[in-house]
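All remarks here apply to the structure that follows.
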Amino acid sequence: MKVKKMKQILSRIAMVLSVVTVIVSSSVVMADAEIVTSSDFVSTSYSHDYSRWASFIRSYLVGCDDGRLMRVYLGSKGYYVEYYDSNFNLLESKTIDKELSLSGGFYAGKDAYYIVSGQNNPDELADVECFRITKYDKNWNRITSAGLYDCNTYVPFEAGSLRMTEASGYLLIRTSHTMYKSDNGYHHQANVTIQLDESTMKITDSFTNVGNSSYGYVSHSFNQFIKTDGNHIVAVDHGDAYPRSLALIKYKTDFTGGQFCSNIGYWWDSNKHAVVNNSCDVTDLLTISGQIGDNTTNATIGGFEISDTSYIVAASSIDQEKQEGLRNIYILTQSKEDGTVKSNQITDISGKYNATSPYLLKINNNKFMVMWTIKNDNTVYYAYIDGNGNLISDINTMSGQLSDCEPIVYNGMVLWYICSNKKITFYGINTDGTTFGDELKASMTASDGGSTITFTADAQGGMGTHTYKFLVYNKTTDTWARIRDYSENNTLVWTKGTSGDRDFYVDVKDSTGKVVRSKAVNIKIDKPTAVLTPSASTVTAGDKLTLTASTNKSGCTYKFLIYNPSTNQWFKLQDFGSKNTYTWTAGSAGARQFYVDVKDSDGNVTRSKVANVTIKGTLSVKAAVSANTSKPGDKITFTAEGSGGKAGYTYKMVVYNKTTKTWGLVQNFNANNKITWTAGSAGDRDFYIDVKDADGKVVRSSVMNVKTSN
């Protein structure tokens, strides 16, 4: 490819970059993780790596909403689509008619699929559809397409790749092309950016002309990445001239209005200086040594992601300052906060062969997986970095290969494939770092925390995300219980229960539904005895009841509880403390059940048998009189009935003559509760009956008035 000689109209804004290089040594863990199946189509994987410029991506994987796995391959005679279940069994295949002669790329949108195709324009005609964006529904029915014409394109997708993203109802495409012949006779190469309204399928903006970095223009651009951050496009290009770097390009324009470059203002000021409004910010993440336009850069870009705090690029490169050595893996970042650029070298390759272009896959906003290979080595290397590009794991390895299929996260797995003829090999790494396809294993450990035991489960192998179910078998009572159903939480804190001999297990299930059970973890609990003795089995409301606890161990603490059967309520009288007695004041009448929990110094707890206590009501008396008026000589009968207190009631009746203001005794205490009084002289009298229980408590009845007249 010829060098494009071009004078920059605008100078890029200089940035102060803080560059830090870190070489990290690592331990290595090797495992196999592959599943081989067959395809209905003949297809061949291509490499993700490149020596000078990238090429279009043929192989794709998509996790469908219904749980199936979709493989897409852009073949020379059509677009091949296959569906697999979660066990990688082929379920369905179909061929989609090819659009224009050149394939550009595929994108799985939220509501539709998109394929970009193109065709050469050797005569540089304005009416040639150089780029076509075709929209399909999720069943691969063709909906419509939109074409880009008169776009300064000689060959679309030349010496570059194509990637897409969607946001705010727009599909954003970044790729490459060679342009119409320039004055020097060359078809120079550069990047291309297209914006499409997904609902109307109208191209709302594009940039295909010769420009400068203020417009996000890079030439030559050997690899292209595009994402959005808020309402702004963020792109990464591999440039060999303008700029000669691995460049991060941040658009200041708001693409949600349908434009990303047409709203960049450009004019000449009074001093004939070019002025650009909303020009792109361009950052050299890795400056490439050598001459401007020299296609040999000894560097590649493999992945681009955005975290909450940084823009992150995974790249391979030689030591550009020394211009020597093998290509190593670099993590290049720019801080969103202050713009600081860092370069973290995470490998130190020795031998004959370079590290290949690394993939960068987002696991979550603060965890990313970096994956690469070394040429002529059937080994995949992978490690984790955080949202600032720092290495947070060892570098692990597994037998296998990478391809142009960008790995995806599917059912808790990082998954990709390679294909050769009709043979499809799926490779995967569980997102927790274990390799899939290994035998699923479960184990569990226990840690005694006194009153609790913490169980920690561990799962290895299987496929995808692991979930955990905890169970217990009580050997003393010969009963099983499920403590907690399946969840991703692999720890359980169990509060020690009654004494006994128990076996604990964890069931581990992977994403395919396969379940294995751990070996038993045995826990024996030797608990203290607990005996509760009340001071009485029957008390009267208001009385004091003393509860006394005893045990066979020293150094125990005691918790007293009460249960009211009539209201079905529990109350804690005293929490665990060293005092083994509790004095309770009886309340309303009824039955009460008392318990004590005794806890030893190891946290073992035993509950006593129930202590039943009956509470009687307070002593009271009901009294009645046969008549409230009388004549002298009439017989008046008074009846009294005692209740509450302690049985064995006696009765006394007294009279107060309101006329003479004198008291009189009618009956002293005895068991007779039916008293007859013969009316004497005329007068107004108040009668009272006192009742006394067996404990000597006395209460008086309400007044009973009798008026005697002649």
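Letter by letter, the sequence shown follows residues -31 to -1, 1 to 679 in mature numbering (1 follows the signal peptide of the UniProt record, and there is no 0). Ideal Cβ positions, reconstructed from N, Cα and C, are used throughout, including at glycine. These numbers come from a predicted model, not from an experiment.
Which of helix, strand or coil DSSP assigns to residue i
i	result
Y123	coil
S168	coil
Y76	strand
Y184	helix
G511	coil
T252	strand
V(-4)	Residue placement at V(-4) is flagged as unreliable, the pLDDT there being 31, under the threshold of 50; the coordinate-derived value follows with that caveat. Correct three-state label for V(-4): coil.
V(-13)	Note that V(-13) scores a pLDDT of 29, beneath 50, so its modelled location is shaky and nothing firm can be said.
F439	strand
F57	coil
T550	strand
G559	strand
M(-26)	With a pLDDT of 31 at M(-26), under the threshold of 50, the predicted position of this residue should be treated as unreliable, and no value is reported.
M673	strand
S589	strand
T481	coil
Sub-8 Å separation of residue i and residue j beta-carbons
i	j	result
A159	S168	no
L588	V660	yes
Y638	T608	As written in the sequence, residue 638 is Phe, which differs from the Tyr given in the question. Result no, Cβ atoms of F638 and T608 do not sit closer than 8 Å.
V383	H435	no
F191	W22	yes
C374	S28	yes
I102	V85	yes
K585	T509	yes
V574	K496	yes
Y299	L255	yes
A112	A136	Residue identity differs from the one stated: residue 112 is Ile in this sequence, not Ala. No, Cβ-Cβ distance for I112 and A136 is not below 8 Å.
S480	G369	no
T278	K196	no
N443	R471	yes
L530	K548	no
S16	I393	no
N641	G633	no
G74	F10	no
K522	D569	yes
A216	T162	no
Sheet register partners of residue i (DSSP bridge)
i	result
Y625	W632, D655
E93	Beta-bridge pairing links E93 to no other residue.
V574	K568
F607	V594, I644
H146	P125, A159
E274	I281
R471	N443, I492
Pick from the options that is closest to residue i, judged by C-alpha positions
i	options	result
N200	T619, Q228, N334, Y82	Q228
Y350	V378, Y379, T316	T316
G356	V579, I281, S362	I281
T342	I354, N335, G358, T325	T325
A555	V179, N192, I112, T507	T507
N334	K311, G358, C388	G358
D454	V475, S182, I275	V475
Q88	K107, A651, K67	K67
S188	E127, G154, K219	E127
A268	N247, G294, D250	G294
G602	S416, K107, T645	T645
G32	G78, P327, Y48, V11	G78
G36	D18, N56, Y49, M338	N56
A593	S650, S670, K666	S670
Y42	T13, G649, Y211, N178	T13
D34	Y53, W385, Y322	Y53
residue 688	G613, T309, N181, G649	Because the chain in this structure spans residues -31 to 679, residue 688 falls outside the shown range and cannot be described.
C249	A204, S285, S214, G271	A204
6 Å Cβ shell around residue i - same chain, five flanking residues per side excluded
i	result
K410	Q429, G430
R451	L440
V97	N90
K221	N247
V484	D476, K478
C388	S12, S14
I287	N267, G294, R296
G234	N246
Other residues of its chain near residue i: CB distance less than 8 Å, five sequence neighbours each side excluded
i	result
H156	Y123, V124, T147, M148, Y149, K150
residue 681	A question about residue 681 goes unanswered here, because the residues of the chain that appear run from -31 up to 679.
T647	G602, D603, K604, I605
Sequence-distant residues of its chain with Cβ nearer than 7 Å to residue i (five each side left out)
i	result
D447	none
S70	Q88
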